[in-house]
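Heads up, the sequence shown is in the numbering used here, so the first residue is 3 and it goes up one at a time. Please read the structure below before turning to the comments.
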Amino acid sequence: MAVDSVTTWDHEFKHFASRGVTHWTSPVDLAQGEIPVTAQLEFDYSLDDAAALLRRSEIVTPTSRLELDGRLAAKNSDLAINLEVGDLLPWDDFINRLRGADEEPRRIGGRATWKGRMLGELGGPTFVGHVRGFEAQYDNLFWDEVESELKYSPEELKLERTRVRRGRSSVEMNLRLELDSWSYLPESQWQMQVNAKRTPTDDLQALFGWAYPARALLSGEFQGRGTRSDPEFAGPFQLEQVEGWGFRADRGKGHFALRNDEVRIARAEIRQGTGRVTGDFLYRMASEVTPASVEFDLQGSTIALEKIERIQTARLPLGGSLSFDVRGQGPLTSLESEGTLRLENFQVGDEVMGSFDARLHSDGRRAQAELKSTMATGRLDGKLNLTLGGDYPLQGDLTVQDFDLDVFIKTELRLKNMTGHSDVDGKFLLSGLLKKPETIAIEADISQLKFDYQHVKLENLGPLRLAYRGEEIRVEQARIRGPETNFEIAGFVRFTGTQPVNLRLSGAVNLQLLGGFLPALEARGAAGVNASIEGTLANPRITGGVHVENTSANYGDFPAGLSKLRGDFVFDTSRLVFENVTAEAGGGKVVLGGALTYGEGFDAARYDLTLQATRVRVRYPEGMSWLAGGTVRLAGTMDAGVLSGRVQVERLLLAEGVDLASMMTASREGVRTPATTSAYVRNLQFDLEATSTPGARLEWSGARFESEASLRLRGTWEHPIFLGHIHMQNGEMSFRGNHYRLTRGDINFANPFRLDPVLNVEATTTIRQYEITLNFTGPASRPVLGYRSDPPLPATDIIALLALGRTGEESELRSSTQVQSPEMGASTLLSEAISSQVGGRIEKLFGVSRFRVDPFLAGTGSQQNASARVTIEQQVAHDLTITYITDVTSTQQQVIQVEYNVNKNVSIVALRDQNGTFGLDVKFKKRFK
């Protein structure tokens, strides 16, 4: 410390005065717990005045700064003080010493500023000014900010216009504490006013270190008074946006009072929509001689269960209207109470179960509860007795009769395809000690259990007996029967220790039941099951097997189903293996192999299956039917898969409307495939290679070809991609009444975006004495048609031959020898329309090669009669054709023609015309070069 001062005095130190500046510096070495201090004090001291004037003085520590300016005197001090403390924690020992030696030390921390004055006597000064605290802590109380006008003297502590903030919570208050020489004694008086407006209670709980699962916006005006030993605190309050213990309310109100060891809430009311809870509540805290006790009188009306979130689940929502009237008093351990409860229109899921009434009664020694139901069908009644003392022994029973299980089976067991009604009859017994949960036992004796699931009516065979005791569920007897179903379940599940599991399932199960777990699967038949579940709940081990015999299965929109399915499915802890599984599919034989792996849970299950097929018919895409065999592999997850492999195609049939003609006029759109609702089928990927067998055939209505093919199917179900080629060898087809013989045919699939094959096809037909050759080349969406004739004809005559069956010259000759009827052209068009609409159906129904409605007897005689004729043609063999023509207005005019092609150049025609005249023609064809 350094001092620079001027000091004067008279004889015997009279009129002593000193004026100067002193500088303090901290020592280099500090003992543990000491705080380094530096200071500069400018002083002017007078012994005669018993006072010192301080000017521009300050005292500084590493975390604080104190500025002083004014008069410091024994009786009339007036000192301006500006204090800034960056961390109060190092000063908590000093502050606790100021509180008094008898006071229990408290942890004090945070940041603070005070700007004020010290007034009065130096032995008992009064501090006044404005104080602010940040991140303040006093014992277990925490504030983000505290701001107040402070007055602190030996007689009182007064805080006015105080604002306390924690998070979003903020309250305003005034506080006065009566002090006795700076001490707050038990008999000291105090007053406080607290105002809160829409203050979140979350932050208030954090302030006091509470953690109740409740929250609201609190408003209220509270008054506090009394002494330290006998405080009183009371006031009205309002609550908004109330949430607590899974319940929500719109608003609440009441009057809160705290005195001595009692907490009282009077005239309380909580509202939620039309629901309302009112009443009074008193809680007396425990003392050394008396236990904690309560008094309550509560009423509730039309409380909506769907608003109570704690009891709701996503799969099983609950609804209904709850009303109650309960009252009671006494220690918590021996409460005397009485009350009623009514639940109207109790709803589980989408079904209304009925209404329930409960009556509660307790005399302080024993509590009783009775439950009765009012249901459209069925009954649910029960009783419960609880002894209030010791280990709290309890005993109860519950009886159900014709109780509807539909909603529980659909939601909790996730079996949503209930196709009928389900109900249960039985009795449940409860016993044990409430203080020792491990002693609680439940015995279920179910006399009847039945339900209709997937059109399979199941019911119990004999009573079902289940027991829960010692924290273990044991299935003592459970046997279920129904159509092609008769199985038994036995074993136990324990919930303590390692939680062991030992369950066994054996018997026959109707495979229709699988549709509840896999809605797209349609299975029929019975499966013999012998399985066991062992291990623990956390790591169960499922082992056993399933044997099927003469069953069937179809999955969604998959183009082929399985019938006469037989074999074994063997499963263990991680996978299901197919053993000797055979079936029929599409009229052919299949052999299934592979495994389903589920070691990481069924949601992450993966499968890798192989299928060997022989002469299986598959209809895919729409309009195509394949007769094929080979080996394919299906691998993937429950959401998607890949179908790959190699198949040999023996025959490809195209439905009506999907033929070569339609290919030649194909649109630019993609392949049309059957719509599917199955997400799995939509995600199925293809990677199949298809080749043709020797003598493979390509057929559609009126056409048959031998072919060689090599195709690759890629893409998805809705967007398949065909790549490869088809080489058509000998064959023939009918088109617009003419027979064509294939001389060359290649179809190349090279477009990965749509079905638009490149054609290179040549076909010949004979009309009258002319041999017509047609060539189709180019993409099917834009084909190029070429044609020629032998003997050579002009292009217009070739087209006339193909369309009308005669050349242009013959048409002109008829026009010169007869008068063309104005209706003749319309009759020709009408003939084409009728023949195309009716002919196709009759050709399919009766198996004829061609059916035609025509006003002429084309190629067989006179055409002067324009009445309608019907032509029926049947190709008996490759080289033999029979034609029958009749006049619809007369049964006498009939024409029968038989044509036999000896070879390419010689044919024999036998004709019986409409006049009954018979003729025989031998036609020779000679080509001159």
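For every residue, glycine included, the Cβ atom is placed at its ideal position computed from N, Cα and C. Nothing here was measured: the structure is a model prediction, and the numbers come from that model.
Rounded to the nearest whole angstrom, the C-alpha separation of S48 and T63 is 29 Å.
Collapsing the DSSP output to three states places Y682 in a helix. Look at K452 here: in three-state DSSP terms it is strand. L803: member of the alpha helix (DSSP H) spanning 797–806, first to last residue. Taking R381 as the centre and dropping the five residues before and after it, the same chain places the C-beta of S375, T401, V402, Q403, D404, F405 closer than 8 Å to its C-beta, in chain order. In the structure shown, the three-state DSSP call for H257 is strand. The residue among D399, Q370, T379, D408 with its C-alpha nearest the C-alpha of L390 is Q370. In the DSSP assignment, M730 forms a beta bridge with S709, G747. Contact check for L43 against D80 fails: the beta carbons are separated by 9 Å or more. Here T280 is actually not in contact with A268; their C-beta atoms are around 11 Å apart, not less than 8 Å. For M735, DSSP records a beta bridge to A705, Y742.
With contact defined as three or more Cβ pairs closer than 8 Å, the region 342–361 and the region 313–330 are in contact.
Judged by DSSP secondary structure, R608 falls within the beta strand (DSSP E) whose first and last residues are 608–621. Around V296, the same chain offers Y285 as residues with beta carbons nearer than 6 Å, after the five sequence neighbours per side are excluded. When the beta-carbon positions are compared, R109 and L91 come within less than 9 Å of each other. Contact check for V548 against A533 passes: the beta carbons are separated by less than 9 Å. In the assembly as shown, S709 is a buried residue. Its beta-carbon has 16 or more other beta-carbons within 10 Å. At a cut-off of 3 residues, the continuous stretches assigned as beta strand (DSSP E) that sit fully inside the region 121–159 are 128–140, 143–154. Here DSSP, grouped into helix, strand and coil, assigns T115 to strand. The alpha-carbon separation between L396 and L431 amounts to approximately 11 Å. Around the C-beta of H741, 16 or more other C-beta atoms lie within 10 Å, and the residue is accordingly described as buried. DSSP places T9 inside the beta strand (DSSP E), whose first and last residues are 4–10. For F358, the enclosing beta strand (DSSP E) stretches over residues 353–365. Beta-bridge pairing by DSSP links N488 to R483, A510. If only complete runs of 4 or more residues are kept, the region 152–221 shows the alpha helix (DSSP H) at 203–210, in order along the chain.
Secondary-structure assignment with DSSP links L539 through no beta bridge to anything.
If you draw a straight line from the Cα of Q771 to the Cα of E734, it is about 19 Å long. Bridge partners of Q899 according to DSSP: T885, L913. L177 has its alpha-carbon roughly 9 Å from the corresponding atom of R163. Under the three-state reduction of DSSP, P92 is assigned to helix.
Spatial neighbours of P465 in its own chain (CB-CB distance under 7 Å, excluding positions within 5 residues in sequence) are listed in chain order as D447, I448, S449, Q479. Per DSSP, reduced to three states, the secondary structure at L307 is helical. By the Cβ-count criterion, F778 is buried, with 16 or more other Cβ atoms from all chains shown falling within 10 Å of its own Cβ. In the three-state reduction of the DSSP assignment, E44 falls in the strand class. In this structure, F144 lies away from A114, with their beta-carbon atoms at least 9 Å apart.
Taking the Cα positions, S171 is about 9 Å away from L219.
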